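Only one structure is covered here, and it is reproduced in the block below.
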Amino acid sequence: MLFSVKSNLIDVVSREIYPAEVTVSNGKIISIKRVDAISDTYILPGFIDAHVHIESSMLLPSEFARIAVKHGSVGTISDPHEIANVLGIAGVEYMIDNARQVPFHFYFGAPSCVPATSSETAGAVIDSEDIDHLLSREDIVYLAEMMNFPGVIYKDPEVLNKIKIAKKYKKPIDGHAPGLMGESMEAYFRAGITTDHECFTYPEALEKLKFGVKVLIREGSAAKNFDTLIPLLKEYPEQIMFCCDDKHPDDLIESHMNDHVKRALNLGYDLYDVLRASSYNVVKHYQLPVGLLQTGDQADFIEIDDLENFKILKTYIKGQLVAENNRSHIESVPAAVVNNFHCSLKEPSDFKIKSTGSHIRVIEVLDRQLITNEIHAPALTINGYAESDIENDVLKIAVVNRYRDEKPAVAFIKNMGLKSGAIASCVAHDSHNIVVTGTNDEDMCKAVNAIIKAQGGISLATQEEEMVLELPIAGIMTNLNAEEVAAQYIKLDQYAKTLGSTLKAPYMSLSFMALLVIPELKLSDKGLFNGKEFQFTEVFI
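Counting in our numbering, the sequence shown runs from 102 upward without gaps.
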């Protein structure tokens, strides 16, 4: 197909804007001619999310793409370790197969940490031999985030072997080093790791940038680091990329990478620095064939109204018009249901925790952050058992093994805010066991059992009501279209807030309470875990 587009071209390579006629043939740009006529619109390279877990949207890759193109996105650097922790290599292949059915640039990585740690139960293992198999494939373009930073620093042979394999295939290695600074940080990145999307303070990110690390500024549904880190773009524009990491369906319908771009421009940052962070820098770092509006490139570009409103008018991928005026031309693609779910229904007594002291360790949730604090609080003991202290917002939290029948691990959490009922999720990074928090054992059990019956999902339970968004694909995704998923998710989210939660995204925050590789205190299906010391700890002090 041959066609031409006349518009003001924003050239992020030469850093200039000029009126141009761009001619496209068979998906590639065959000529760019400067013209005299000034257009009302602008064309520029499409956006690329530099690090995202598609599964966190609860949508299939094809459905994620259907929505993302409306926001000017043409590609993602996708880490499929969520589904890999459930189904192993078969899960990675499932994502790739579905992604191929739509016109969108999905670039998948080989999940480096399956399971993320040996201190939790996952559904699969991906060892260095599997990593070699994956990285030998052309459709696997990088080694995904190396979350086991202690393994890198202390030279775990299996961890170092995975890094060695990535180097053998000359493929980039993504990092994951929250809070790591000084000698530990240097030892980690000296191993050959080149990026980090986990910086949550300005000094931390600055130290990593000075060391040569590429820092990804993340703004997802739970972790929001944009405001803290965006000032770094001015001094280190070539080392900054934008990413979402995790995006829930309601947020994805509202925006994607266009939100990073608009906010940065509204703050007065250089146009070319901003657009490079959302396209050029990603393409160059991962050596992608995504077009940058140059002659000979694939025709991957967007058209906007102006530089103030930055409204996405059209999105082209490989010369195909995939979205126009907030309407996607990509069709929903159903996929087979695959899963790994093997636990039986629970009883309220399974969530009892015998009191063995006067004070307890408590996970303190920080809104819009993945990190937590360890705080200490008096135990509320009734008839010999520690219970949720609703008045002081110290509630029970439990993680239930979904892969086999085991006794739930139970601890305590602060800042969830519930005054009644319970909420639960099988979207629980990274092993995707069931995580639940609530004000009483009966509602916690009811919320967990709703997920077990559905073989995956997110749920809410009170004495009077029970709600569940079913996620039958690996227990973390659904075949429903994005609008249906978002509507159900919003209903659950709003209900959780009527029960008292003041968190921006209570379900997303809950999903990270089992993520052991993010300090400080988390809970796995095996017990309470200190992420700083990287070892288990006791609930009672």
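Backbone N, C-alpha and C fix where the C-beta goes; we use that ideal spot for every residue, glycine too.
Given the structure is predicted, the values throughout are model-derived calculations rather than measurements.
Rounded distance between the beta-carbons of residue j and residue i, thought under 8 Å
i: S456; j: I168; result: The pair is not a contact, with the Cβ atoms about 48 Å apart (cut-off 8 Å).
i: E305; j: M342; result: The Cβ separation is near 17 Å, so there is no contact.
i: M614; j: I464; result: 6 Å
i: V536; j: L611; result: 6 Å
i: E183; j: I577; result: 6 Å
i: F442; j: P146; result: The pair is not a contact, with the Cβ atoms about 41 Å apart (cut-off 8 Å).
i: D297; j: V314; result: 6 Å
i: L368; j: I331; result: 7 Å
i: A278; j: M286; result: 6 Å
i: L236; j: A267; result: 6 Å
i: Y387; j: V215; result: Incorrect: roughly 21 Å between the Cβ atoms, too far for contact.
Cut-off 6 Å between Cβ atoms - residues of its own chain near residue i, not counting five sequence neighbours on either side
i: A512; result: I498, L624, L629 and V640
i: H357; result: A169, H172 and S174
i: Q421; result: P204
i: P338; result: D374
i: A378; result: I341, M342 and F343
i: N262; result: S229
i: V528; result: I577 and S612
i: I133; result: A121, V123 and T396
i: S489; result: L496, K497 and T540
i: V434; result: S163 and Q202
i: F104; result: V125
For residue i, three-class secondary structure by DSSP
i: E164; result: helix
i: P509; result: coil
i: Q202; result: coil
i: V260; result: helix
i: T302; result: coil
i: M568; result: strand
i: Y270; result: coil
i: E230; result: helix
i: L307; result: helix
i: H172; result: helix
i: V362; result: helix
i: M517; result: coil
i: M286; result: helix
i: A615; result: coil
i: F452; result: helix
i: M545; result: helix
i: S140; result: coil
i: R503; result: coil
i: P120; result: strand
i: K108; result: One point to set straight first is that residue 108 is Ser, not Lys, in the sequence displayed. Strand, per DSSP.
i: M578; result: strand
i: E183; result: helix
i: S132; result: strand
i: Q395; result: coil
i: S526; result: strand
Rounded C-alpha distance that separates residue i from residue j
i: A562; j: N440; result: 24 Å
i: G458; j: N631; result: 19 Å
i: K415; j: L366; result: 20 Å
i: E566; j: Y417; result: 46 Å
i: K271; j: L310; result: 22 Å
i: P591; j: D351; result: Per the sequence presented here, residue 591 reads as Ile, with Pro not at that position. Approximately 7 Å between the Cα atoms of the pair.
i: L376; j: E320; result: 16 Å
i: S158; j: K627; result: 27 Å
i: L572; j: Y119; result: 48 Å
i: E156; j: E246; result: 15 Å
i: L244; j: T482; result: 47 Å
i: G276; j: A551; result: 36 Å
i: L389; j: K508; result: 46 Å
i: G485; j: I461; result: 14 Å
i: Q589; j: L581; result: 11 Å
i: A288; j: G210; result: 23 Å
Same chain, Cβ closer than 7 Å to residue i, five either side skipped, listed in chain order
i: K723; result: Past the boundaries of the shown model lies residue 723; the chain is included only from 102 to 642, so the question cannot be answered.
i: Y596; result: L561 and M568
i: D100; result: Because residue 100 is not part of the residues shown, which for the chain are 102 to 642, the question remains open.
i: A400; result: V125, G128, K129, I130, G392, Y417, K419 and G420
i: L617; result: A217, T218, S220, E221, K623, S625, F630 and G632
i: P322; result: The question names Pro, yet the displayed sequence has Ser at residue 322. The residues are D347, K348, H349, D352, A606 and M609.
i: A162; result: The amino acid at residue 162 is misidentified as Ala; the sequence shows Pro. Cβ within range, chain order: I155, M196, N199, A200 and F207.
Cβ of residue i within 8 Å of any chain D Cβ
i: I577; result: As a matter of chain content, chain D is missing from the structure shown, which is built from one protein chain.
Own chain partners of residue i with C-beta closer than 8 Å, once the 5 adjacent residues on each side are dropped
i: K547; result: A523, A562 and E567
i: A555; result: V569, E571, L572 and P573
i: L110; result: I118, Y119, P120, A121, V123, I133, Y143, I144, L145 and L394
Quick test of the definition: if touching needs 3 or more C-beta pairs under 8 Å, does the stretch 162-178 touch the stretch 127-134? no
Mind the definition here: the stretch 473-480 touches the stretch 408-417 only if three or more C-beta pairs lie below 8 Å; say whether that holds. no
Tell me, please, whether the stretch 247-259 touches the stretch 187-205 by the rule of three or more beta-carbon pairs shorter than 8 Å. no
For the pair the stretch 476-487 and the stretch 224-238, tell me if three or more CB-CB distances fall below 8 Å. no
Tell me whether the stretch 527-544 and the stretch 443-456 touch, counting them as touching only if at least three CB pairs, one residue from each stretch, are closer than 8 Å. yes
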